[in-house]
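The next block holds one structure in the form of C-alpha cells; read it before the comments.
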Amino acid sequence: MSLPSSPSLARGGKVGTEVVQASVDQKMTSMDQKMTSMKHLVLNLCDPTLRERSLAELSQMREMFPDLAPLLWYSFGTVAALVQEILRIYPALSPPTLTSAASTQVCNVLALFQCIASLPETRSPFIEADIPLYLYPFLRTVDKAQPFEQLRLATLGVIGALVKDENAEAAEYLLQRETIPLCLNIMEMGNEPSKTVSTFILLKVLLTEVGLEQCCDTRGPFYAIAFALQKRVDSPDERPSARLLKCIIRCYLRLFDHRRGRAVLKTNLPSVIRDGTFNGYLMGDPSAQECLQKLLVAFHGCNDNAIVP
Numbered sequence: 001m002s003l004p005s006s007p008s009l010a011r012g013g014k015v016g017t018e019v020v021q022a023s024v025d026q027k028m029t030s031m032d033q034k035m036t037s038m039k040h041l042v043l044n045l046c047d048p049t050l051r052e053r054s055l056a057e058l059s060q061m062r063e064m065f066p067d068l069a070p071l072l073w074y075s076f077g078t079v080a081a082l083v084q085e086i087l088r089i090y091p092a093l094s095p096p097t098l099t100s101a102a103s104t105q106v107c108n109v110l111a112l113f114q115c116i117a118s119l120p121e122t123r124s125p126f127i128e129a130d131i132p133l134y135l136y137p138f139l140r141t142v143d144k145a146q147p148f149e150q151l152r153l154a155t156l157g158v159i160g161a162l163v164k165d166e167n168a169e170a171a172e173y174l175l176q177r178e179t180i181p182l183c184l185n186i187m188e189m190g191n192e193p194s195k196t197v198s199t200f201i202l203l204k205v206l207l208t209e210v211g212l213e214q215c216c217d218t219r220g221p222f223y224a225i226a227f228a229l230q231k232r233v234d235s236p237d238e239r240p241s242a243r244l245l246k247c248i249i250r251c252y253l254r255l256f257d258h259r260r261g262r263a264v265l266k267t268n269l270p271s272v273i274r275d276g277t278f279n280g281y282l283m284g285d286p287s288a289q290e291c292l293q294k295l296l297v298a299f300h301g302c303n304d305n306a307i308v309p
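Letter 282 of the sequence shown, counting from 1, is numbered 282 in full-length UniProt numbering, and no numbers are missing.
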C-alpha cells in the first residue's frame, strides 16, 4: 500500500525551488547592476572630470566583463578619449619628467587597450585604426625609473595581446612597424618582466609563418635576433629567469624550422644552451625541459655542411 506524500516535504520542495529561483534572480539582478555600472563608467571616460576615476575602476574590473572590449571600441568618443590620455604625457617622456601618478593613469588606459587587443572581434579594427602606433614612443624610452619601467611593461602587454594567439594579421602589422627592433632593445636594457614579455612577443611573431619568413629573410632582423638571444643567455652576471629562458629556448627552436636559421645556428648556438648549464633552472618545468631537448635534437641533427642561404 503506497503512503501519501508528506505535506511538509511537498511544501519543503516548493520552498526549496523558490529559494533557488530567488538566488538566481538575485544573481541576475547583481549582474545587471554591474553591467549598468560598467556602461556608466565607459560613458564617463568622455568626461575629463570623471575620466581618472573611471579609468581606475574599469582597469580593475575588466576581467569581470567579457563584453567590455566591444563596448569600449564601439562607444562614441571613447577610443578618442583614451588616445587623448596617451598623447597628454608625450611631453613628459623627453626630458624624462613622468610622475608615478601620470604613469599609473596611462597604464590604466593601456590595460583597456590590452582588453581591446585581446579579443578577435576588436583586434582587427584596433590594428586597422593604427592605434598601436601611438604607443611606440613609450617603448623608445630608456629611463629606468619606476614610472617608465611600468609604462614600458604595460605597453608591451598591449603588443603581446595582439599576437598571443599567433595571429598572422597582427604579426604582419608588427613586422611592418619597428616592433622587433624595439623588443630586442628592451630585451637588453629592460627589467626582468619587460625582457620576458619582449621575448614572448618575439616568439609569438616567429611562430607565425609570415613572422618566421620575414625575420629569417636576408633583409630581415635575423642576426639582430640571434645576437639579442645570445646576450640574454651568455651574460654571467645576469642569468635569465626560468620563464625568460623558456621563451628564449622556444625562439631558438622555432628558428631551427627555417633553413637559414638552421645553417647559422649550427655554428652559433650558445654553448651554455648545449652544455647543460641551464638544466637546473628548468627542473620544475617539464615542458621547458622538453623544449630544450627538442632544440638539442634539432641542433645535433643539422647537416654540418649546411650553407647559409
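The beta carbon of each residue, even a glycine, is placed where N, CA and C say it ideally should be.
Span separating the alpha-carbon of V197 from that of Q33: In the sequence shown, counting from the first residue as 1, residue 197 sits at position 197. In the sequence shown, counting from the first residue as 1, residue 33 sits at position 33. Each residue's Cα considered, the two are about 36 Å apart.
Any beta carbon of chain D sitting closer than 8 Å to that of L43? Looking for chain D here will not work: only one protein chain is present.
How would you call Q114, buried or exposed, if buried means at least 16 neighbouring beta carbons within 10 angstroms? Residue numbering aside, residue 114 sits at position 114 when the sequence shown is read from its first letter. The Cβ neighbour count for Q114, taken over all protein chains shown within 10 Å, is at least 16; the residue is labelled buried.
If you count every other CB in all the chains shown that lies within 10 Å of the CB of G211, and 16 or more means buried, which is it? As a working mapping, residue 211 is identified with position 211 in the sequence shown. Buried, by the Cβ-count rule.
Which term fits M1, buried or exposed, when burial requires 16 or more other beta carbons within 10 angstroms of its beta carbon? Locating residue 1 in the sequence shown gives position 1, counting from the first residue. Confidence in M1 is poor, its pLDDT being 49 and thus under 50, which makes the residue's placement unreliable; the coordinate value appears in the next sentence. Flag for M1 reads exposed.
Distance between F200 and R243 (C-alpha atoms, nearest Å): Translated into the one-based positions of the sequence shown, residue 243 becomes position 243. Translated into the one-based positions of the sequence shown, residue 200 becomes position 200. Taking the straight line from one Cα to the other gives about 10 Å.
Return yes when the Cβ of E166 is within less than 8 Å of the Cβ of L207, no when it is not. On the sequence shown, residue 207 is found 207 positions in, with the first residue counted as 1. On the sequence shown, residue 166 is found 166 positions in, with the first residue counted as 1. Contact: yes.
For my contact list, S100 and Q146 are in at a C-beta cut-off of 8 Å; report their separation, rounded to the angstrom. Position 100 of the sequence shown, counting from 1, holds the residue named residue 100. Position 146 of the sequence shown, counting from 1, holds the residue named residue 146. Yes, S100 and Q146 are in contact; Cβ-Cβ is about 7 Å, under 8 Å.
Can you check the segment 257 to 309 for any beta strand (DSSP E) of at least 3 residues that lies completely inside it and give the ranges in chain order? Assignment of beta strand (DSSP E) within the segment 257 to 309, counting only whole runs of 3 or more residues, yields no such run.
Could you pull out every residue in the same chain whose Cβ sits closer than 7 Å to the Cβ of E172, ignoring the five residues on either side in sequence? Taking the first residue of the sequence shown as 1, we reach residue 172 at position 172. Excluding the 5 residues flanking it on each side, E172 has same chain C-beta neighbours closer than 7 Å at V210, in chain order.
With the cut-off set at 8 Å, would you say L135 and L58 are in Cβ contact? Taking the first residue of the sequence shown as 1, we reach residue 135 at position 135. Taking the first residue of the sequence shown as 1, we reach residue 58 at position 58. No, the pair does not count as a contact, with Cβ atoms beyond the cut-off.
Contact set for F299: own chain, Cβ-Cβ below 6 Å, skip 5 residues either direction: Taking the sequence shown and counting its residues from 1, the one referred to as residue 299 is at position 299. Excluding sequence neighbours, F299 sits near L269.
Can R123 and L203 be called in contact, C-beta distance under 8 Å? Stepping through the sequence shown from its first residue, residue 123 is reached at position 123. Stepping through the sequence shown from its first residue, residue 203 is reached at position 203. No, these two residues do not count as a Cβ contact at 8 Å.
Grab me the residues of T141's own chain with a C-beta within less than 6 Å of its C-beta, minus the 5 sequence neighbours each way, in chain order. Your numbering for residue 141 matches position 141 in the sequence shown. Only L93 and F148 meet the Cβ criterion.
Along the alpha helix (DSSP H) that carries N108, what are the first and last residues, could you check? Residue 108 sits at position 108 when you count from the first residue of the sequence shown. DSSP places N108 in the uninterrupted alpha helix (DSSP H) bounded by S100 to S118.
Nearest candidate by alpha-carbon position, reference R259, set M64, S287 and C215: The sequence position of residue 259 within the sequence shown is 259, counting from 1. It is C215.
Determine the DSSP secondary structure at L93, reduced to helix, strand or coil. Within the sequence shown, the letter at position 93 stands for residue 93. In the structure shown, L93 sits in coil (DSSP, three-state: anything other than H, G, I, E or B).
Note down the Cα distance separating L151 from M61, rounded to an integer number of angstroms. Your numbering for residue 151 matches position 151 in the sequence shown. Your numbering for residue 61 matches position 61 in the sequence shown. When rounded, the separation of the alpha-carbon atoms in L151 and M61 is 20 Å.
Between the C-alpha atoms of R51 and G77, what's the straight-line distance to the nearest angstrom? Along the sequence shown, one-based indexing puts residue 51 at 51. Along the sequence shown, one-based indexing puts residue 77 at 77. Taken atom to atom, the span from the alpha-carbon of R51 to that of G77 is near 13 Å.
Kindly indicate which three-state DSSP category E238 falls into: helix, strand or coil? Mapped onto the sequence shown, residue 238 falls at position 238. DSSP places E238 in coil when its eight states are reduced to three.
With a cut-off of 8 Å on the beta carbons, I'd call V106 and E121 a contact; round off their distance for me. Counting from one through the sequence shown, the residue named residue 106 turns up at place 106. Counting from one through the sequence shown, the residue named residue 121 turns up at place 121. About 25 Å separates the two Cβ atoms, so there is no contact after all.
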